[in-house]
Amino acid sequence: WAKGQVGDKDSVKAALRDWTSSSAPYGRITSVETQSNSIPAPYALNTVQLLRACSKAMGMGPAKAMKIAEKLYTSGYISYPRTETSSYPKT
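Each residue of the sequence shown is one higher than the one before, counting from 274 in the numbering used here.
Spelled out as structure tokens, the structure:
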């Protein structure tokens, strides 16, 4: 495929259409390049900031927001939601 780098879903779909519609739907991978990217963790929210964010972004009341936060906590997805600090040690 002569288009070049395949990096998004639409490019992959187009390549697949081209390959499967040709008389010989075979290809050969000549090289693979990988790249590591890191995304910084989001800033921690204290309880008040969490409730404000839930209200502003989703129109959610405080009781529902805390119920969901507790469920996320007990499922192991977030740290303890009922804290009034957003300062944490670097370790």
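C-beta: ideal position from N, C-alpha, C; glycine also.
As the structure is a prediction and not an experimental result, all values here were calculated from the model.
_Short of 7 Å in beta carbon distance, which residues of its chain neighbour M333, apart from the five on each side in sequence? Order them along the chain._
Taking the first residue of the sequence shown as position 1, residue 333 is located at position 60. Contacts found: C327.
*Whole-angstrom C-beta distance between L345 and P335, which should lie under 8 Å*: As a position in the sequence shown, residue 335 is number 62, starting the count at 1. As a position in the sequence shown, residue 345 is number 72, starting the count at 1. Not a contact, Cβ separation roughly 15 Å.
*Cα-Cα separation between L289 and S311, rounded to whole angstroms*: Within the sequence shown, the letter at position 16 stands for residue 289. Within the sequence shown, the letter at position 38 stands for residue 311. So the two alpha carbons sit approximately 29 Å from each other.
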